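K.L.:
Residue numbers (my numbering), protein chains in the order written: chain D, 1125 to 1369; chain G, 81 to 280; chain X, 12 to 233. Glycine included, each C-beta is placed from N, C-alpha and C at the ideal position. In this text the structure is predicted, and so the values were computed from the model without any measurement. Okay, here's the structure, questions in a sec.
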Amino acid sequence: MPVIDLANPSRFLTIVNRLLPWLTAVTIILFAIGLYRAMNAPDDYQQGATVKIMFLHVPAAWLGMFGWGLMSVAALGTLVWRHPLADVAGKAVVPIGAAFTFICLITGSLWGRPTWGTYWVWDARLTSMLVLLLLYLGVIALYWTAEEPGRGARAAAILSLVGAVNLPIIKFSVDWWNTLHQPASVFRIGGPTIDPALLTPLLIMALAFTLLFVTLHLASMRNEILRRRVRSMRLLQAQELAEAT
Amino acid sequence: MIQLKAESLTCNRGGREVFRNLSFGLATGEAMVVTGRNGAGKSSLLRMIAGLVRIAAGRLSLEGGEPDIPIGEQAHYVGHQDALKATLTVGENLQFWSGFLGDGRAVEGALQAVDLAPLTDLPAAFLSAGQRRRLSIARLLALPRPIWLLDEPTSSLDAPSQQRLAELMHVHLLDGGMIIAAAHGAIGLERPRELKLGLA
Amino acid sequence: MRSFNALLLRDVQLAIRIGGGALMGALFFLIVVTMIPFAIGPDLALLRRIGPAVLWLGALLASLLALDRLFATDQDDGSLDLLMMAAMPLELTVATKAIAHWITTGLPLVVIAPLLGLMLNVELHAAGWLALTLAAGTPALTFIGLVGAALTVALRRRGLLLAVLVLPLTVPVLIFGVAAANAAIMGPAPFGPPFTILCALSLASLVLGPIAAAAALRHGLE
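Spelled out as structure tokens, the structure:
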């Protein structure tokens, strides 16, 4: 089905309403399989069972970055191709991407405590994810202060693209900064190279989380469309009452 | 019987003398319309009575009323702005002013009197200019104060709303209130006193 | 009492709803604290030593930037006029607005400070003491800032003028706040004296701030 067919919001809503129950079911099944495999995966010889935070932490990291990529594509849709649902898609992704980034940071921090001895270290990778979270929060703040949804959407789209271009630059500069000033204590950041016994559950969990992302995204888009409808209806109601009284 | 007395009022705004030696008296049950070209000081006079603009010279007093309470606390001021918060609903906006300035009752009656009752739960952001002005007028009804200071009250109002405002003003005067309004033309008062600014 | 409740509730409601800017201060706090290591370097030992100072500075700047919206929105839509024509004394009115402002701006800073402390390698229990000093000191920042906000309310291009006016006045709060936090985290100086003075500063500003702010608002009338 060509993308253009989805351009009609009502059509989109009907498709999503039919699709969501199936998506939810498949997501739950995948999580069941993934969690079962994760529970039965062997413990790490060094970290013990703690290593299993990885099954939550790594997919969250991937999806946090994936979220920003999706926002950028949606931004192009809003600004360049003028797809009618692009700004809805862009707005719907933001809280989901931000949540996954946040989960990545928190799980990483909790993982770091027993393995590194500290909750936080200004490692290049951690810092880049933190900056990504700040960028997400900035977009959320932008949406929050915009009074009109249309204006906020365009501003957020520009910010998404600027962020997308700037993220590699930020990553590069943070790497440079981190190697420039060596930390006072040296921590072992790497773990063992990943074993197939851990890789398969990881991939299943990643797939499950990705489906969760998509499900939440579609549901969020549906909510946003309905929210805009409510807003239009209220405007209409005020206008009608103005003419009647 | 309360009388508002102004003696030799002078007003300075932005270094410029807006009006000088203005005197008038107004009793309860009476209405006064302040006219004059733009910049003559109509809004400044209203704001001066409300206590929002400093009296450069002269005296303003309320005789026969509560001597300890400033005039501003016994007056309602409806200026060019509507003092509405866009994220609060119509009902919440009025409920706040009614509760803050008075005893928090009579909100529904006030909304009904200006025909805004059906819009009670609508966020104020969605109101048209005329509806916003009517909500400001509802504030006058939600808690009683003797003096009404109205700055071009009929602007943004359509003919039926202007008629309704005229009726409300009439009732207020009968109840022993007084009205001072700044306007360019007639606003529906019956034979009001007229104060023309800017002739000196 | 009803007026107090009505105004307090309304201001908190407005700050929380869309466009109100309630958590913007906390977000700024987060960003500023994140920026410091980029400038100083990721040396954890050094960050731990200056952690309390960084957190206090971040909280100060975040409080400052949020002060603008204390009176601005009410001034812009004409509500300030009506607030000044109320039976409630103007001093009490501005104090109520300041309390609402602290609840929506200052309190979030206190709450996320321990989390930010973790990023600066300050342990949780130490960060708790730090949050306590912030809880005692941020009201002073709000009530002192109240005066600056009232002085600049009528200006069109207030911008940084508000910060320039208020920052010098907040120096004592900063000094005693950081001293108390350092005393709690590292010692050997006792925690009591600077903390008590900090509380005293807050209580004094609670009374003097609204008086000065009300006078400033009245003086701002033409």
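1) Whose Cβ in chain G lies nearer than 7 angstroms to the Cβ of serine 90 of chain X?
2) Short of 6 angstroms in beta carbon distance, which residues of its chain neighbour alanine 224 of chain X, apart from the five on each side in sequence? Order them along the chain.
3) Cβ of glutamine 242 of chain G less than 8 angstroms from any chain D Cβ?
4) Put proline 203 of chain G into one of helix, strand or coil per three-state DSSP.
5) If distances are taken between C-alpha atoms only, which option among D:Ile1177, D:Leu1254, D:Ala1149 and D:Arg1135 comes closest to threonine 1339 of chain D?
6) Beta-carbon of valine 1245 of chain D versus every beta-carbon of chain X: anything under 8 angstroms?
7) Counting only Cβ-Cβ distances shorter than 9 angstroms, please list the residues of the segment 25 to 49 of chain X near chain D, keeping chain order.
8) Mind checking valine 251 of chain G: buried by the 16 CB within 10 Å criterion, or exposed?
9) Please classify lysine 1215 of chain D as buried or exposed, where buried requires at least 16 neighbouring CB atoms within 10 angstroms.
10) Could you give the residue range of the alpha helix (DSSP H) that holds glutamine 83 of chain G?
11) Where glycine 231 of chain X and arginine 134 of chain G are concerned, what is the direct C-alpha to C-alpha distance, given to the nearest angstrom?
12) Would you list the one or two residues that DSSP bridges to leucine 230 of chain G?
13) Output yes if chain D places a C-beta closer than 8 angstroms to the C-beta of glycine 268 of chain G; else output no.
14) Please report the distance separating the alpha-carbon of alanine 186 of chain G from that of leucine 18 of chain X.
15) Which bits of chain G does glutamine 1361 of chain D rub up against, with CB to CB less than 9 angstroms?
16) On a Cα-Cα basis, can you pick out the residue from G:Leu89, G:Ile217, G:Leu277 and G:Leu248 that is closest to arginine 139 of chain G?
17) Give the C-beta separation of valine 164 of chain X and leucine 228 of chain X to the nearest angstrom, bearing in mind that I take them to be a contact with Cβ-Cβ under 8 angstroms.
18) DSSP three-state call for asparagine 101 of chain G: helix, strand or coil?
19) With a threshold of 8 angstroms between beta carbons, is threonine 1225 of chain D in contact with chain X?
20) What residues match up with threonine 169 of chain G in a beta bridge as DSSP calls it?
21) Please compile the residues from chain G whose C-beta is within a distance smaller than 9 angstroms of the C-beta of arginine 1351 of chain D.
22) Considering only their Cβ atoms, is the gap separating phenylalanine 154 of chain X from glycine 220 of chain X smaller than 8 angstroms?
23) Can you name the start and end residues of the beta strand (DSSP E) that valine 114 of chain G belongs to?
24) Among residues of its own chain, excluding the 5 on either side of alanine 1198 of chain D, which ones have a beta-carbon nearer than 6 angstroms to its beta-carbon?
25) Would you mind reading off the limits of the alpha helix (DSSP H) that contains glutamate 188 of chain G?
26) Taking the CB atoms as reference points, tell me whether proline 201 of chain X and alanine 194 of chain X lie closer together than 8 angstroms.
27) According to a CB-to-CB cut-off of less than 7 angstroms, which residues of the segment 64 to 87 of chain X neighbour chain G?
28) Taking 8 angstroms as the threshold (C-beta atoms), are valine 43 of chain X and glycine 69 of chain X in contact?
29) So, are the CB atoms of proline 100 of chain X and leucine 34 of chain X less than 8 angstroms apart?
30) Label valine 1310 of chain D either buried or exposed according to how many other C-beta atoms from any shown protein chain fall within 10 Å of its C-beta, with 16 as the threshold for buried.
31) Could you tell me the alpha carbon to alpha carbon distance between phenylalanine 104 of chain G and valine 121 of chain X, rounded to whole angstroms?
32) Classify methionine 12 of chain X as buried or exposed, calling it buried when 16 or more other Cβ atoms lie within 10 Å of its own Cβ.
33) Quick one: measure Cβ to Cβ for alanine 1362 of chain D and leucine 199 of chain G, integer angstroms, because I've assumed they're closer than 8 angstroms.
34) Using only the alpha-carbon positions, how far apart do valine 23 of chain X and glycine 145 of chain G sit?
35) When we look at the beta-carbon of valine 236 of chain X and count the other beta-carbons within 10 Å, is it buried (16 or more) or exposed?
36) Throw me the rounded Cβ distance for the alanine 166 of chain G and proline 226 of chain G pair, which I believe falls under 8 angstroms.
P.N.:
Let me spell this out:
1) Locating residue 90 of chain X in the third sequence gives position 79, where the first residue counts as 1. Chain order gives the chain G residues near serine 90 of chain X as Ala163, where near means a beta carbon separation below 7 angstroms.
2) Mapped onto the third sequence, residue 224 of chain X falls at position 213. So the qualifying residues of the chain are Val105, Leu157, Val158 and Ala161.
3) As a working mapping, residue 242 of chain G is identified with position 162 in the second sequence. Closer than 8 angstroms: no.
4) The sequence position of residue 203 of chain G within the second sequence is 123, counting from 1. Strand.
5) The residue given as residue 1339 of chain D occupies position 215 in the first sequence. Of the candidates D:Ile1177, D:Leu1254, D:Ala1149 and D:Arg1135, the one whose C-alpha sits nearest the C-alpha of threonine 1339 of chain D is D:Ala1149.
6) Sequence index remark: in the first sequence, residue 1245 of chain D carries index 121 (1-based). Interface residue, yes.
7) Taking 9 angstroms as the Cβ-Cβ cut-off against chain D, the residues of the segment 25 to 49 of chain X that qualify are Ile29, Gly30, Gly31, Gly32, Leu34, Met35, Leu38, Leu41, Ile42, Thr45, Pro48 and Phe49.
8) Start at 1 with the first residue of the second sequence, and residue 251 of chain G comes out as number 171. An exposed status is given to valine 251 of chain G, since fewer than 16 other beta-carbon atoms sit within 10 Å of its beta-carbon.
9) Numbered from its first residue, the first sequence carries residue 1215 of chain D at position 91. The residue in question, lysine 1215 of chain D, is buried, as its Cβ has 16 or more Cβ neighbours within 10 Å.
10) Position 3 of the second sequence, counted from the start, is the residue given in the question as residue 83 of chain G. It is not in any alpha helix (DSSP H) - glutamine 83 of chain G instead sits in the beta strand (DSSP E) that spans 83 to 93.
11) For the purposes of this step, residue 231 of chain X is identified with residue 220 of the third sequence, where counting begins at 1. For the purposes of this step, residue 134 of chain G is identified with residue 54 of the second sequence, where counting begins at 1. Going by C-alpha positions, glycine 231 of chain X is about 10 angstroms away from arginine 134 of chain G.
12) Residue 230 of chain G sits at position 150 when you count from the first residue of the second sequence. Within the DSSP bridge table, the entry for leucine 230 of chain G names G:Val158 and G:Ala261 as partners.
13) Sequence index remark: in the second sequence, residue 268 of chain G carries index 188 (1-based). For glycine 268 of chain G, the closest Cβ of chain D is not nearer than 8 angstroms.
14) On the second sequence, position 106 is the one that residue 186 of chain G refers to. On the third sequence, position 7 is the one that residue 18 of chain X refers to. Take the alpha-carbon of alanine 186 of chain G and the one of leucine 18 of chain X: they are about 18 angstroms apart.
15) Within the first sequence, numbered from 1, the residue matching residue 1361 of chain D stands at position 237. Within chain G, the residues near glutamine 1361 of chain D are Pro198, Leu199, Leu202 and Phe206.
16) Residue 139 of chain G sits at position 59 when you count from the first residue of the second sequence. Answer by Cα proximity: G:Leu89.
17) Here residue 164 of chain X corresponds to residue number 153 of the third sequence, with the count starting at 1. Here residue 228 of chain X corresponds to residue number 217 of the third sequence, with the count starting at 1. Approximately 7 angstroms separates the beta-carbon atoms of valine 164 of chain X and leucine 228 of chain X; this is inside 8 angstroms, confirming the contact.
18) Position 21 of the second sequence, counting from 1, holds the residue named residue 101 of chain G. The answer is strand: DSSP assigns asparagine 101 of chain G an E or B state.
19) The count along the first sequence starts at 1 and reaches residue 1225 of chain D at position 101. No - not a single Cβ of chain X is within 8 angstroms of the one on threonine 1225 of chain D.
20) If you number the second sequence from 1, residue 169 of chain G lands on position 89. In the DSSP assignment, threonine 169 of chain G forms a beta bridge with G:Pro203.
21) Numbered from its first residue, the first sequence carries residue 1351 of chain D at position 227. Contact annotation for arginine 1351 of chain D against chain G: no contact, minimum CB-CB distance about 13 angstroms [criterion: below 9 angstroms].
22) Residue numbering aside, residue 220 of chain X sits at position 209 when the third sequence is read from its first letter. Residue numbering aside, residue 154 of chain X sits at position 143 when the third sequence is read from its first letter. Going by C-beta atoms, glycine 220 of chain X is nearer than 8 angstroms to phenylalanine 154 of chain X.
23) Looking up residue 114 of chain G in the second sequence gives position 34. Start and end: 111 to 115.
24) If you number the first sequence from 1, residue 1198 of chain D lands on position 74. The residues are Ala1210, Ala1213 and Gly1214.
25) Position 108 of the second sequence, counted from the start, is the residue given in the question as residue 188 of chain G. Note, glutamate 188 of chain G: alpha helix (DSSP H), 187 to 193.
26) Residue mapping note: residue 201 of chain X aligns to position 190 of the third sequence, counting from 1. Residue mapping note: residue 194 of chain X aligns to position 183 of the third sequence, counting from 1. Between proline 201 of chain X and alanine 194 of chain X, the gap from beta carbon to beta carbon is short of 8 angstroms.
27) Residues of the segment 64 to 87 of chain X with a C-beta atom less than 7 angstroms from some C-beta of chain G do not occur.
28) For the purposes of this step, residue 69 of chain X is identified with residue 58 of the third sequence, where counting begins at 1. For the purposes of this step, residue 43 of chain X is identified with residue 32 of the third sequence, where counting begins at 1. Yes, the Cβ-Cβ distance between glycine 69 of chain X and valine 43 of chain X is below 8 angstroms.
29) As a working note, residue 100 of chain X is residue 89 in the third sequence. As a working note, residue 34 of chain X is residue 23 in the third sequence. Not in contact: proline 100 of chain X and leucine 34 of chain X (Cβ atoms no closer than 8 angstroms).
30) Mapped onto the first sequence, residue 1310 of chain D falls at position 186. Residue confidence for valine 1310 of chain D is low, a pLDDT of 42 falling below 50, so the modelled location carries little weight; the figure read from the coordinates is stated next. Result: exposed.
31) Residue mapping note: residue 104 of chain G aligns to position 24 of the second sequence, counting from 1. Residue mapping note: residue 121 of chain X aligns to position 110 of the third sequence, counting from 1. Spanning the two alpha carbons is a distance of roughly 56 angstroms.
32) Your numbering for residue 12 of chain X matches position 1 in the third sequence. Its Cβ having fewer than 16 others within 10 Å, methionine 12 of chain X is exposed.
33) The count along the first sequence starts at 1 and reaches residue 1362 of chain D at position 238. The count along the second sequence starts at 1 and reaches residue 199 of chain G at position 119. Contact holds; Cβ gap of about 7 angstroms.
34) By one-based count along the third sequence, residue 23 of chain X stands at place 12. By one-based count along the second sequence, residue 145 of chain G stands at place 65. Computed Cα separation, rounded: 36 angstroms.
35) For residue 236 of chain X there is no data in the structure shown, the boundaries of chain X being 12 and 233.
36) The residue labelled residue 166 of chain G in the question sits at position 86 within the second sequence. The residue labelled residue 226 of chain G in the question sits at position 146 within the second sequence. With a beta-carbon spacing of about 31 angstroms, alanine 166 of chain G and proline 226 of chain G fall beyond the 8 angstroms limit used to define contacts.
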